[in-house]
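A.B. asks: Handing you a structure now.
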């Protein structure tokens, strides 16, 4: 029986070829290394360059961070406005923002809004956008009313059969900004105070041109409107107390009404209302309003 060896037999020719390849590669490597161009070691950044890069990066990061914070704040303001208010063109046109305001809650130090009846205090309140005179035209007052476009009416809570402006005069719906109506009501309560009312009755302007019964209804309407508004947006802030001691008197505690509140951008809203204000009834054509169509609601009395 023939036996087979597991040892491999070497081939002299293969060994010679391998040696030749190794010599060739070794010579090629040495030649390549010898011919490779030498380069000087790269220098690091100078301290001036490094400082400039650091400063640029810091400034860029600060600007980017500021923009991101501002964008986030704008989103929060818009979300808050939409969540707490029904839709209004003001939310789109003006944009509701919020800022901190220090209230003046002084008990014994009047400001211009608390003065006794007279031209100075009237001018202060008028500047707030509350001078809503009552010119009669189809029982309609255009004073401080804005024009709401037809395409915005439904989103703003206006019904199709509510009062409209004739197309020849631009169309749309006459509407008042509720916040300015609230201030009008507060101003009427101010004028109706016992120490002010005689002054305004003597003038006989606006609500005080009406008889006592209508004036009473107007004042109590305003009173209850403000009641509902204050209950609707009830302020959950708290009023702390401070110590005071007039000379020669006992130490006492008193409520501190001078608190900080987060407020909307009232001036921008007032400016929008003034910019979009319709002419008052005295300068408005008698056919300014479109008469109701068949099927439109017509109430039997003032709602």
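Numbering (UniProt numbering), first residue to last: 1 to 303.
A virtual CB, placed ideally from N, CA and C, is assigned to each residue, including glycine.
Less than 8 Å separating the beta-carbons of residue 93 and residue 296?
C.D. replies: No, the pair does not count as a contact, with Cβ atoms beyond the cut-off.
A.B. asks: What residue does the beta strand (DSSP E) around residue 254 start on, and which one ends it?
C.D. replies: Element bounds for residue 254: 252-255.
A.B. asks: Check for me: the alpha helix (DSSP H) holding residue 187 runs from which residue to which?
C.D. replies: Note, residue 187: alpha helix (DSSP H), 178-191.
A.B. asks: Please list the segments of the alpha helix (DSSP H) lying wholly inside the region 220-287, counting only runs of 4 or more residues, in order along the chain.
C.D. replies: Runs of the alpha helix (DSSP H) inside the region 220-287: 266-275.
A.B. asks: My output table needs one value for residue 174: the three-state DSSP class, helix, strand or coil.
C.D. replies: Of the three classes helix, strand and coil, the one that applies to residue 174 here is strand, per DSSP.
A.B. asks: For residue 302, tell me which candidate among 267, 214, 193 and 229 has the shortest Cα-Cα distance.
C.D. replies: Closest by alpha carbon: 214.
A.B. asks: Going by C-alpha distance, which of 78, 118 and 128 is nearest residue 266?
C.D. replies: Measuring from the Cα of residue 266, the nearest candidate turns out to be 128.
A.B. asks: Kindly identify the DSSP beta-bridge partner or partners of residue 101.
C.D. replies: DSSP lists 261 as partners of residue 101.
A.B. asks: From the DSSP secondary-structure annotation, give me the bridge partner or partners of residue 147.
C.D. replies: Per DSSP, 174.
A.B. asks: Residue 159 lies in the alpha helix (DSSP H); which residues open and close that run?
C.D. replies: Counting along the chain, residue 159 falls outside any alpha helix (DSSP H), and DSSP gives it neither H nor E.
A.B. asks: Would residue 244 be called buried (16 or more neighbouring beta carbons within 10 Å of its own) or exposed?
C.D. replies: It is exposed - the Cβ of residue 244 has fewer than 16 other Cβ atoms within 10 Å.
A.B. asks: Take the Cβ of residue 172 as the centre, count every other Cβ of all protein chains shown within 10 Å, and call the residue buried at 16 or more, exposed below.
C.D. replies: By the 10 Å Cβ count, residue 172 comes out buried.
A.B. asks: Under the three-state reduction of DSSP, which class applies to residue 290: helix, strand or coil?
C.D. replies: Of the three classes helix, strand and coil, the one that applies to residue 290 here is strand, per DSSP.
A.B. asks: Where does residue 195 fall in DSSP's three states?
C.D. replies: DSSP places residue 195 in coil when its eight states are reduced to three.
A.B. asks: Near residue 115, what residues of its chain come up, given a Cβ to Cβ distance below 6 Å and the 5 sequence neighbours on each side ignored?
C.D. replies: Once the five neighbours on either side are set aside, the close Cβ partners of residue 115 are 121.
A.B. asks: Looking at residue 155 and residue 170, is the spacing between their C-beta atoms short of 8 Å?
C.D. replies: No, the Cβ-Cβ distance between residue 170 and residue 155 is not below 8 Å.
A.B. asks: Helix, strand or coil for residue 211 per DSSP?
C.D. replies: Looking at residue 211 - three-state DSSP - the assignment turns out to be coil, as it is neither helix nor strand.
A.B. asks: Check this for me: beta carbons of residue 145 and residue 278, under 8 Å apart or not?
C.D. replies: Cβ distance < 8 Å, so residue 145 and residue 278 count as in contact.
A.B. asks: Assign residue 184 to one of two classes, buried (16 or more other C-beta atoms within 10 Å of its C-beta) or exposed (fewer than that).
C.D. replies: Residue 184 comes out buried.
A.B. asks: In whole angstroms, what is the alpha-carbon distance linking residue 189 and residue 224?
C.D. replies: Whole-angstrom Cα-Cα distance: 11 Å.
A.B. asks: Could you tell me how far apart the beta carbons of residue 263 and residue 101 are, in whole angstroms, since I believe they sit closer than 8 Å?
C.D. replies: That pair is a contact at about 4 Å.
A.B. asks: Taking the alpha-carbon positions, what's the residue 178 to residue 246 distance?
C.D. replies: Rounded to the nearest angstrom, the two C-alpha atoms are 43 Å apart.
A.B. asks: Assign residue 114 to one of three DSSP states: helix, strand, or coil.
C.D. replies: Reduced to three states, the DSSP call for residue 114 is coil.
A.B. asks: Would you call residue 194 buried or exposed, if buried means 16 or more other Cβ atoms sit within 10 Å of its Cβ?
C.D. replies: Exposed, by the Cβ-count rule.
A.B. asks: Using only alpha-carbon positions, find the residue among 149, 158, 220 and 180 that is nearest to residue 167.
C.D. replies: Residue 149 is the option with its Cα nearest to residue 167.
A.B. asks: Just how far apart, CA to CA, sit residue 270 and residue 180?
C.D. replies: Near 8 Å, if we compare the C-alpha coordinates of residue 180 and residue 270.
A.B. asks: Report buried or exposed for residue 53, applying the criterion of at least 16 other Cβ atoms within 10 angstroms of its Cβ.
C.D. replies: Residue 53 should be labelled exposed.
A.B. asks: Can you look up residue 296 in the DSSP assignment and give me helix, strand or coil?
C.D. replies: In the structure shown, residue 296 sits in coil (DSSP, three-state: anything other than H, G, I, E or B).
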